[in-house]
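Novice: 96 is the number that our numbering gives to position 88 of the sequence shown; each next residue is one higher, with no gaps.
We put the beta carbon where it would ideally sit given N, CA and C, even for glycine.
Note that this is a predicted model, so its numbers are computed, not measured.
Take this structure first; my questions come after.
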Amino acid sequence: MKSNQETPNKGSWSLFFYQYIKDISSLSKLIISASITFTTLTGYVISKGEIDSTLFLTLIGVFLMAAGASTINHIVERRTDALMPRTEDRPIPSGRMTVLHASIWASIFLLSGTLFLFAFTNPVCAILGLFNAIWYNLVYTSLKKISVWAVFAGTVTGIIPYFMGVLAATNQLPNAADYFIGFYMFLWQIPHFLLLVSKYGKEYEAAGLASLTKSSKTENIVLISYIWMIASCIASLYLPLFGILHHRQTGFIILAILLFVLAVIAKSLFSKNKLHDPRTPFITTNIMQAGFMLTLVFDRLIG
9 MKSNQETPNK GSWSLFFYQY IKDISSLSKL IISASITFTT LTGYVISKGE IDSTLFLTLI
69 GVFLMAAGAS TINHIVERRT DALMPRTEDR PIPSGRMTVL HASIWASIFL LSGTLFLFAF
129 TNPVCAILGL FNAIWYNLVY TSLKKISVWA VFAGTVTGII PYFMGVLAAT NQLPNAADYF
189 IGFYMFLWQI PHFLLLVSKY GKEYEAAGLA SLTKSSKTEN IVLISYIWMI ASCIASLYLP
249 LFGILHHRQT GFIILAILLF VLAVIAKSLF SKNKLHDPRT PFITTNIMQA GFMLTLVFDR
309 LIG
């Protein structure tokens, strides 16, 4: 009898622990924070050309700061999240976690990340991380409620982590090549944000957020996204002019990625139904960005 009573008890505790870990992962926006951290890795490796202990310490600091900024965002947008099916089951709107509880985690993440960067990189890198967290939650999040063009402000939060990697690696301000990569990342992020709006536009409208879907059809948003993707492809052709690519082989890889993206766009344009589905261009633009960054990292590491 004793064992029969203990089994559900243990099961309930393990279930609670599992759900709690899931909620912490949700607060930190694990995938987004990981992608931000990878952007920092890209900036670091391109600038320094090697992987060392400082890189790992930098990545820990950046991930913690990204998790902190994301947790604050959960707190700031809790009422909006409660109005959208996609986000209503997040820890705070679902009632599984209080604002105070989430605030404690936000403080832990943000403070520890800031201290990591101060201790193991430089003060400018840490301050830039704090600026990014403030920009994300104060500027971008506020603009989302009043303007469909908040996407332009949102690109800042994706570019800054790259410059943090550069600063951590060199203790110097970014050079012309770094600014060009930042410009490329700006071009890429516009279709990324636009296609998200296209996919979840109706939910945004219901939650009172400004959405491009109010004034534009899905196919028009997809077309605009394709224009930005083509602009990204054209921009990447200028990499050799800035001395970013060091090997012919990696140049061919970049070219192959561009041809793949252009082939997807061409197929979509000549298909009657493809422009109504934002999923294909969304996946394509993310593959393009990941492939681009991985290639640049590979180019520097092979010497």
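Classify residue 249: buried if its beta carbon has 16 or more other beta carbons within 10 angstroms, exposed otherwise.
Specialist: exposed
Novice: For the alpha helix (DSSP H) that residue 186 lies in, which residues bound it at each end?
Specialist: 184-214
Novice: Any chance the segment 291-304 sits against the segment 214-232, with 3 or more Cβ pairs inside 8 angstroms?
Specialist: no
Novice: Give the secondary structure of residue 16 by DSSP, where H, G and I count as helix, E and B as strand, and everything else as coil.
Specialist: A caution first: residue 16 carries a pLDDT of 45, below 50, which makes its placement in the model too unreliable to give a value.
Novice: With burial defined as no fewer than 16 other Cβ atoms inside 10 Å of the residue's Cβ, what is the status of residue 28: buried or exposed?
Specialist: exposed
Novice: Do you know whose CA, among 229, 245, 269, lies nearest residue 286's CA?
Specialist: 229
Novice: Using DSSP with H/G/I as helix, E/B as strand and the rest coil, what is residue 259?
Specialist: helix
Novice: Using DSSP with H/G/I as helix, E/B as strand and the rest coil, what is residue 9?
Specialist: Legend: pLDDT at residue 9 = 40, less than 50; position of this residue unreliable, no value from coordinates given.
Novice: Determine whether the beta carbon atoms of residue 84 and residue 145 lie at a separation below 8 angstroms.
Specialist: It is a contact, given that the beta carbons lie within the stated cut-off.
Novice: Rounding to the nearest angstrom, what Cα-Cα distance links residue 148 and residue 123 in this structure?
Specialist: 25 angstroms
Novice: According to the Cβ coordinates, are residue 67 and residue 48 closer than 8 angstroms?
Specialist: yes
Novice: If you check the beta carbons only, do residue 99 and residue 110 fall under 8 angstroms apart?
Specialist: A Cβ-Cβ contact shorter than 8 angstroms links residue 99 with residue 110.
Novice: With a cut-off of 8 angstroms on the beta carbons, I'd call residue 195 and residue 236 a contact; round off their distance for me.
Specialist: 6 angstroms
Novice: Given this structure, state the Cα-to-Cα distance separating residue 125 from residue 25, to the nearest angstrom.
Specialist: Distance from the CA atom of residue 125 to the CA atom of residue 25, rounded to whole angstroms, is 30 angstroms.
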